[in-house]
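Okay, structure first, notes after.
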Amino acid sequence: MLTVQQTIDFWREKAGWTRKKKEANRKKRILISPRAKTRIKLREAKKLERQSRYDPDKLGAKAVENQRRKKRDMMRIQEGKD
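Residue numbers (the working numbering): 12 to 93.
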């Protein structure tokens, strides 16, 4: 025997209406406070920065700085040897 909710879901699904769809739409509608938005953006930026350190094609500012520092150090070492 089907429960009431199962029957409702069955007929709604037949009509092309699914509960999942409605829940997904509800999640999209949730408002995010400005503070949370900036926090999310910062988190994304940090993640990209972390990835870019290892991926030479997408170098972030910090990675470029580190590379310059390494080159400078190598030059100093070579100058010291000569």
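Glycine is no exception: its CB is placed at the ideal position from the N, C-alpha and C atoms.
When the Cα atoms are used, E60 and T49 turn out to be separated by approximately 16 Å. The C-alpha of L13 lies about 46 Å from the C-alpha of R54.
The DSSP-derived three-state label of L53 is helix. Assignment of M85 by DSSP, reduced to helix, strand and coil, places it in the helix class.
Counting along the chain, the unbroken alpha helix (DSSP H) around T18 starts and ends at 15-25. Taking C-alpha positions only, K52 is separated from K39 by approximately 17 Å. Separation of E24 and L42 (C-alpha to C-alpha, rounded to the nearest whole angstrom) is 28 Å.
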